[in-house]
Each structure stands twice: as structure tokens, then as C-alpha cells.
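Here the sequence shown is numbered in this note's numbering, starting from 14 and rising by one per residue. Worksheet: one structure, shown below.
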Amino acid sequence: MRGLRPHLRPCVAILFALGLSSCNKDLEERLDRLEAELRGVRSDTRDTVEELKTRVISAETKVGVGSGGKTLDERITGLESSFGEVLAMKSRDNEMVYLRANLQGHAPLLTDHGTFLVRMEGIDLNASAGTYSVHLNIGNPQAIAIQQFTLRGHHGGGTPELPEGEAYDLRNEKLKAWQESLKPFEYRVTKTLEPFAWTPFDIEIAADSREELEMIRFAMVIENAQLNRQLAESGGSGGSQFGHIDVDSKAATVLKTDYGAFLVAVKSAEQTDIGTKLHLEIGNPYGFTLNQCRLLGDYGTARPKRDQSTSEEEYGEKMAAWGASLQPFEAMISTKISNFRWSKATILVPGKVEDVKFLRCQLRVEDVTLPAAMAGAE
Numbered sequence: 014m015r016g017l018r019p020h021l022r023p024c025v026a027i028l029f030a031l032g033l034s035s036c037n038k039d040l041e042e043r044l045d046r047l048e049a050e051l052r053g054v055r056s057d058t059r060d061t062v063e064e065l066k067t068r069v070i071s072a073e074t075k076v077g078v079g080s081g082g083k084t085l086d087e088r089i090t091g092l093e094s095s096f097g098e099v100l101a102m103k104s105r106d107n108e109m110v111y112l113r114a115n116l117q118g119h120a121p122l123l124t125d126h127g128t129f130l131v132r133m134e135g136i137d138l139n140a141s142a143g144t145y146s147v148h149l150n151i152g153n154p155q156a157i158a159i160q161q162f163t164l165r166g167h168h169g170g171g172t173p174e175l176p177e178g179e180a181y182d183l184r185n186e187k188l189k190a191w192q193e194s195l196k197p198f199e200y201r202v203t204k205t206l207e208p209f210a211w212t213p214f215d216i217e218i219a220a221d222s223r224e225e226l227e228m229i230r231f232a233m234v235i236e237n238a239q240l241n242r243q244l245a246e247s248g249g250s251g252g253s254q255f256g257h258i259d260v261d262s263k264a265a266t267v268l269k270t271d272y273g274a275f276l277v278a279v280k281s282a283e284q285t286d287i288g289t290k291l292h293l294e295i296g297n298p299y300g301f302t303l304n305q306c307r308l309l310g311d312y313g314t315a316r317p318k319r320d321q322s323t324s325e326e327e328y329g330e331k332m333a334a335w336g337a338s339l340q341p342f343e344a345m346i347s348t349k350i351s352n353f354r355w356s357k358a359t360i361l362v363p364g365k366v367e368d369v370k371f372l373r374c375q376l377r378v379e380d381v382t383l384p385a386a387m388a389g390a391e
């Protein structure tokens, strides 16, 4: 300000200070907003968030100072881009599962804590709450208990039917309109998903009509999980363990092996000249294929039921006699159990069909391959 007249110098200084203050205020607001968004990233990306927050603090202490020849605006733009990459990375960890009310069987639900199985048991109107109760059942093949999680997704009508020749992609106007008609929902669940078990629970979704629930899709964001101490002390999920299969039951049984937990369901039983043929479905929630495995253990009649009039002592005697009557068996499963799906298999148990109502057995896995390894071998 050497060339300025003395009485003008204070005015110029004030204007310069006001301009710098306005610039700094704008930058600080952008940094505050970005830091608030960073705090919304979930705990499972905490390490990445901490790194980004460090970069924010560094930027706050260098307002108006260039870094590597870049302006502060360029540095903030780069930081916003990095934040977008964190969100994109997180969205890849938790993938959407698509469910329909009439869908049979189970669907794999991929999360950042592993793969789970989910099925929809039905939908009922909850008149008192003005919502619809969606009955879900999630199978947890992991050795961790999921204590709290959130389901985030959308619901709407079924996908539109397209004429032959029209592609099912988002460039199609009909699919675009359908996608825009979907309504978002979010539901937090506090019911624990126990390890190696199925857990039924309900979620409430607000919808104007039942037709708006023809399709429900969601991702599962796990917020709190805990390793079962008893399982950890006994070796976790390692080692084959015995499971109980009721032949006439429609439910699947979880069988734990060295390679993880698998689901086994008996679909039908058939009497043959050399024994009872059991037609099974085996659910494999993992990325590898079972080329060869076998079931071994004991078989027998159905477990005794305890009547109200039966004392503990009498029931104990019945169970002891029934346990002594069980017979050993071993059956090879030579059909391949494909990854991420249910596979049909058949075993032969050496007994009459009326005597094969219960199996106490292990699943022994003897040969597995990864699809990528098989492709590379060819």
C-alpha cells in the first residue's frame, strides 16, 4: 500500500480482510459439510474414514495455502472424490437380494460378514399399525452371532414383461419407469441371528396396497456381531459335527464341517430292495464346489415324544431305549454340490422306509474345487 494515500490505506485493508473472511467462511462450510458426511460412514470403514478425516484436518490448517501446486478447491474436490470411492467400496460389500412372495427356496444374501441365506415366508396386513408384516427367515452359516443389523432397500410391483427382442437393461424406458416407481425402506432388526441356525422375524413396511410388495429387495448392513465364545473355545466351525435330521420334516438341518456349515433337507424317501433311498437337497452358501462328500452316522425311527403324563424318569428310559436301537450307516454322495445354490443328491440307507425316520450324522467333505481354479486348469 506504499503508493496509496495515507487516508485510503485503512479502507483497503478492511476490504481485503472482509474478502478473505468471506472466502475462508465458504471453505470452512464446505469442509464442515464434508466432515459431517464422513461421520456418516459406518464403523466397518472406520480405518478409511479416519484417514480421510486426517486429510480434512490438514486442509483446515492450511486454508489458502497451496499443496503440491494445487489450490485448496482442487484438494477439496479430490477429497470429495475419495469419499465417493469409500461409499462405492461399501456398496460392493453388501449386495442386494431380490425376493418375491411366491419364490420357493432360499436366496444368497451377500454381506461384508459373509454369505447368509434368506427366504420370505409370507406377507400379512397389520391393520393396527397400517403397515404390512413381511415374514423373513435368515439362515446364518457363520460362527458369529449377528446381534444387530439393518435392512435397506426398495419395494414395488413386479418387473414389467417386455416383448421378445427387448433387452432387460436400464436403458429400456419401461424398466426405467419401473425403477423410478420403487419405494425405499429401511428397517433395523435387533433380533440375534444365532450361528448355524435359522432365525425367523418380521419387518414392517408401509405400502398403499399388497401389489406394492410384489418385489422386495434389500441389502443387510451388519452393525454388531460377536464370535460365540463356546464355539471359539471348542475350535470354532472347524471339524465335522453331528447334526440331527428328521426325515419327515420340511425344514433343513445345518451340518458343520471343516469347510463351513451346509444345509441338508430330505425331500422324499423311497423303499428299494436293498434299503431306503433318500432324495436330498444340499445348500452350499460358499464359493467352492463339493466334488465328493459323504454322510455317516446312525439312523432309526422317529424320536420319542414326551407326553404330559410322562415323568422325566419314564421319558429318560424311552430315550435310552430308542438311542440303543439306532443303527450305523455310511453313504457316499458322488454328485457335485455346486456353489451358492441348492443341489439334488441321493443316498441309500440300509433299512426299511418306516425305520428310517431319523438321522444322526456328519457331512464329511473329501474333495472341493474353486470355479476359478477349474477354469484355469482347462
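Note that CB positions come from ideal geometry on N, CA and C, so glycine has one too. Only a predicted model underlies this, so the values are computations on that prediction, with no experimental measurement involved.
Where residue i sits in the DSSP three-state scheme
i: V366; result: helix
i: E134; result: strand
i: R307; result: strand
i: G169; result: strand
i: Y328; result: helix
i: L140; result: Checking the sequence shown, residue 140 turns out to be Ala, not Leu. A140 falls in the coil class under three-state DSSP.
i: R316; result: coil
i: L376; result: strand
i: K204; result: coil
i: E225; result: helix
i: F371; result: strand
i: A344; result: strand
i: K196; result: strand
Burial state of residue i (16 or more Cβ within 10 Å)
i: K269; result: buried
i: L372; result: buried
i: G166; result: buried
i: T203; result: exposed
i: P208; result: buried
i: M102; result: For M102, the pLDDT reaches just 44, beneath the cut-off of 50, and the residue's location in the model is therefore unreliable, although a value from the coordinates is still provided. Looking at its Cβ environment, which holds fewer than 16 other Cβ atoms inside 10 Å, M102 is exposed.
i: P154; result: buried
i: G288; result: buried
i: P298; result: buried
Cβ distance (whole Å) where residue i is taken to contact residue j below 8 Å
i: M133; j: V147; result: 7 Å
i: T205; j: A158; result: 6 Å
Inter-residue spacing [alpha-carbon to alpha-carbon] between residue i and residue j
i: N150; j: K280; result: 19 Å
i: L226; j: A220; result: 8 Å
i: T323; j: P317; result: 11 Å
i: R307; j: R377; result: 5 Å
i: V381; j: T285; result: 31 Å
i: D320; j: P341; result: 28 Å
i: E174; j: I218; result: 25 Å
i: G152; j: L361; result: 27 Å
i: S356; j: D215; result: 28 Å
i: D368; j: A337; result: 14 Å
i: E224; j: G170; result: 6 Å
i: L309; j: P121; result: 27 Å
i: Q305; j: L293; result: 15 Å
i: D137; j: M228; result: 15 Å
i: E379; j: K349; result: 12 Å
i: R201; j: N352; result: 30 Å
i: G178; j: K187; result: 14 Å
i: S56; j: K370; result: At S56, the pLDDT of 46 sits below 50, so the modelled position is not reliable; the number obtained from the coordinates is stated separately. Cα to Cα, S56 sits roughly 47 Å from K370.
i: F255; j: K331; result: 21 Å
Neighbour flag for residue i against chain C, beta carbons, 8 Å
i: G256; result: The chain inventory of the structure shown lacks chain C, comprising one protein chain alone.
Near the ligand SAH: residue i beta-carbon under 7 Å from a heavy atom
i: N115; result: No copy of the ligand SAH occurs in the structure displayed, which carries no ligand at all.
Within the stretch 261-312, note down every full beta strand (DSSP E) run reaching 3 residues or more, in order along the chain. Residue ranges of uninterrupted beta strand (DSSP E) with 3 or more members, entirely inside the stretch 261-312 and ordered along the chain, are 266-270, 273-285, 288-297.
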